[in-house]
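Q:
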Amino acid sequence: MGYKGKVVLAYSGGLDTSVAILWLKEQGYDVVTMTADVGQAVDLAATKEKALKTGACNAYVMDLREEFVENFVWPSLKANAMYQGTYPLNSALSRPLISKYLAWVAEVEGAVAVAHGCTGKGQDQVRIEVCTNALNPDLACIAPVRDWQFTREAEIDFAAEHGIEVSLTKQSPYSIDENMWGRSIECGVLEDPWNEPPSDAFKLTVDPWKAPDEMETIEITFEKGIPVALNGKTMGGIELILALNKVAGAHGVGRIDMIEDRLVGFKSREVYECPAAITLLQAHKALETLTLSKDLLTTKKELETKYAELAYVGYWFSPLKEALDVFFDHTQKCVSGIVRVRLFKGQAVVVGMKSASSIYKHNLATYSEGDAFDHKAAVGFIKIWGLPIKTWRQAHPVENVPSSPNLKVVGEE
Ligand code: ARG
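The numbering of the sequence shown is my numbering, which starts it at 272 and goes up by one.
#1: Cα separation between residue 304 and residue 422?
#2: For the ligand ARG, any of its heavy atoms closer than 7 angstroms to the Cβ of residue 448?
#3: One question on the structure: do residue 344 and residue 452 come within less than 8 angstroms of each other, judged by their Cβ atoms?
#4: Tell me the DSSP bridge mates of residue 354?
#5: With distances taken from CA atoms, which of 522, 405, 413 and 378 is nearest residue 390?
#6: By the 10 Å Cβ neighbour count, where 16 or more other Cβ atoms means buried, how is residue 567 classified, buried or exposed?
#7: Compare the Cα-Cα distances from residue 372 to each of 396, 338 and 394 and report the closest residue.
#8: Are the Cβ atoms of residue 491 and residue 501 separated by less than 8 angstroms?
#9: State the DSSP-derived secondary structure class of residue 613, mapped to helix, strand or coil.
#10: Let me know the alpha helix (DSSP H) ranges lying completely inside the segment 286-362, each 4 residues or longer, listed in chain order.
#11: For the ligand ARG, is there any heavy atom lying closer than 7 angstroms to the beta carbon of residue 432?
#12: Where do the N-terminal and C-terminal ends of the beta strand (DSSP E) with residue 422 fall, by residue?
#13: When the Cα atoms are used, what is the spatial distance from residue 287 to residue 573?
#14: May I ask you to report which of helix, strand or coil DSSP gives residue 504?
#15: Relative to the C-alpha of residue 546, which candidate in 428, 587 and 521 has its C-alpha closest?
#16: Taking the alpha-carbon of residue 406 as reference, which of 620, 660 and 587 has the nearest alpha-carbon?
#17: I'd like to know whether the C-beta atoms of residue 542 and residue 394 end up nearer to each other than 8 angstroms.
#18: I want to check one thing, is the minimum distance from the CB of residue 363 to the heavy atoms of the ligand ARG below 7 angstroms?
#19: If you compare alpha carbons, which of 559, 551 and 358 is closest to residue 533?
#20: Taking Cβ to Cβ, would you say residue 561 is nearer than 8 angstroms to residue 607?
#21: Count the other CB atoms, across all protein chains shown, that sit within 10 Å of the CB of residue 481; report buried if there are 16 or more and exposed otherwise.
#22: If you reduce the DSSP assignment to three classes, tell me which class residue 651 lands in.
#23: Tell me which residues share the same chain as residue 284 and place their Cβ nearer than 6 angstroms to its Cβ, disregarding the 5 neighbours each side in the sequence.
#24: Could you name each continuous alpha helix (DSSP H) segment of 4 residues or more that falls completely within the segment 447-498, going from the start of the chain to the end?
#25: Compute the Euclidean distance between the alpha carbons of residue 571 and residue 639, then round it to the nearest angstrom.
#26: When we look at the beta-carbon of residue 294 and count the other beta-carbons within 10 Å, is it buried (16 or more) or exposed?
#27: Can you name, in chain order, every residue of its own chain whose Cβ lies under 8 angstroms from the Cβ of residue 297, other than the five neighbours on each side?
#28: Is residue 395 near the ligand ARG - that is, is its Cβ less than 7 angstroms away from at least one heavy atom of it?
#29: Any idea which residues DSSP pairs residue 539 with across the strands?
#30: Assign residue 642 to buried or exposed, taking buried as 16 or more other Cβ atoms, counted over all protein chains shown, within 10 Å of its Cβ.
#31: Which same chain residues end up closer than 7 angstroms to residue 277 when comparing Cβ atoms and leaving out the 5 residues on each side of it in sequence?
#32: For residue 310, which residues of its own chain have a beta-carbon under 6 angstroms away from its beta-carbon, when the five flanking residues on both sides are left out?
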């Protein structure tokens, strides 16, 4: 096969992307690998070495943790982004970032294509290709795993024949994707929704029922929608997320088990563990209820759903997402304060909060001394508030009869 030029492969170091190096070479490409450090717990130096040993002509390992937090995680936290109200998008958020650096390395290396190890059944293929082409429409996208005809067994044989280390003991029975914002677990026994996720599926969280019998209360300080301190200690984003993963994970917080509607049309069973994400989302949402007006909260909620969908379907670089970021940023100007969260047996519960920009007014809410609410004004307010209903029902009365013929009036025979 003739020489086709350079391709930049998103490389995890796992079986699929290692075999992909050889496969792409067989197709006539020189392979440059790009491994993004987004806080997944793997040996990145070993990953680089493995790429080169397997046949890559160059191997980039890039520490993208800071950019991941600042430009992907925090914007989605400001948007309380949860796909279908449940999935904090931990995997989805990393894909546009990976795409950005695939396109960047392609530029530096003069590559003609990018490649990734996604299958044809998920969202990741869509995200990486849509995002890469949003940044550079000239790059071709190759998905070896989607295109090749290998069965799992044939793939393992192929790897062994070509001297790729396949440690079957290290092979997980699941498909895992991990970064700082969480861990996604799919496949294997999880494919039957009747099966409870086995404990070996989890790494960042303990079983809630095995979590400590003592609760732990933490304080998270937010500034303009972003967490800046944990228990009064100022921290950078990476440090804070890692610390929260530990403390909340130790209490079994952040396990998610859902049936997810995939972009590609079918439902799948997805398990996640996202201790820091779930804790921060809870705390952030609570602080917004203290600091944002009712109509802003209502409209923001609708746009949050939209934002999560855009992130899920690979539209990170869309103009709508860009405009929503501006809106969310504006809303966060006064989302500052401290939230107290209790961690206990799998739950993160907000038990207290305060903010200099709180619009909760004690003198309006109190039923005790110091009540400043104008009780008399309620009379006229209700008259006018109820006027449209009263008017309508004068013309169209509600049939007001007991709904059960057996209804008995207590005390009457
Ligand atoms: N279902 C999730 C998503 O689409 C998780 C994907 C995880 N990726 C993986 N290769 N296991 O965002």
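Ideal Cβ positions, reconstructed from N, Cα and C, are used throughout, including at glycine.
A: Considering the structure as presented:
#1: Cα to Cα, residue 304 sits roughly 24 angstroms from residue 422.
#2: The ligand ARG approaches residue 448 closely enough that one of its heavy atoms is under 7 angstroms from the residue's Cβ.
#3: A distance below 8 angstroms separates the beta carbons of residue 344 and residue 452.
#4: Looking at the DSSP output, residue 354 bridges to 358.
#5: When each option's Cα is compared against that of residue 390, the closest is 413.
#6: So residue 567 ends up on the exposed side.
#7: That would be 338, whose Cα lies nearest to the Cα of residue 372.
#8: The answer is yes: Cβ separation under 8 angstroms.
#9: Strand at residue 613.
#10: With a minimum length of 4 residues, the continuous alpha helix (DSSP H) runs that stay inside the segment 286-362 are 286-297, 315-325, 336-339 and 345-349.
#11: Result no, Cβ not under 7 angstroms from the ligand ARG.
#12: First-last for residue 422: undefined, no H or E at that position.
#13: Just so you know, the alpha carbons of residue 287 and residue 573 end up roughly 39 angstroms apart.
#14: Secondary structure at residue 504: strand, using DSSP grouped into helix, strand and coil.
#15: Looking at the Cα atoms, 521 is the closest of the given residues.
#16: Checking every option, the nearest Cα to that of residue 406 belongs to 587.
#17: With respect to residue 394, residue 542 sits apart: the two C-beta atoms are not nearer than 8 angstroms.
#18: Here the distance from the Cβ of residue 363 to the nearest heavy atom of the ligand ARG is below 7 angstroms.
#19: That would be 358, whose Cα lies nearest to the Cα of residue 533.
#20: Going by C-beta atoms, residue 561 is not nearer than 8 angstroms to residue 607.
#21: Residue 481 is exposed by the Cβ-count criterion.
#22: Under the three-state reduction of DSSP, residue 651 is assigned to helix.
#23: The answer, listed in chain order, is 318 and 321.
#24: Runs of alpha helix (DSSP H) with 4 or more residues, each lying fully within the segment 447-498, are absent.
#25: Going from the Cα of residue 571 to the Cα of residue 639 covers about 33 angstroms.
#26: Buried: at least 16 other Cβ atoms inside 10 Å.
#27: Excluding the 5 residues flanking it on each side, residue 297 has same chain C-beta neighbours closer than 8 angstroms at 272, in chain order.
#28: Residue 395 has its CB nearer than 7 angstroms to a heavy atom of the ligand ARG.
#29: Paired residues: 531.
#30: Here residue 642 is exposed, its C-beta having fewer than 16 other C-beta atoms within 10 Å.
#31: So the qualifying residues of the chain are 300, 301, 303, 380, 381, 382 and 383.
#32: Around residue 310: 336, 450 and 451.
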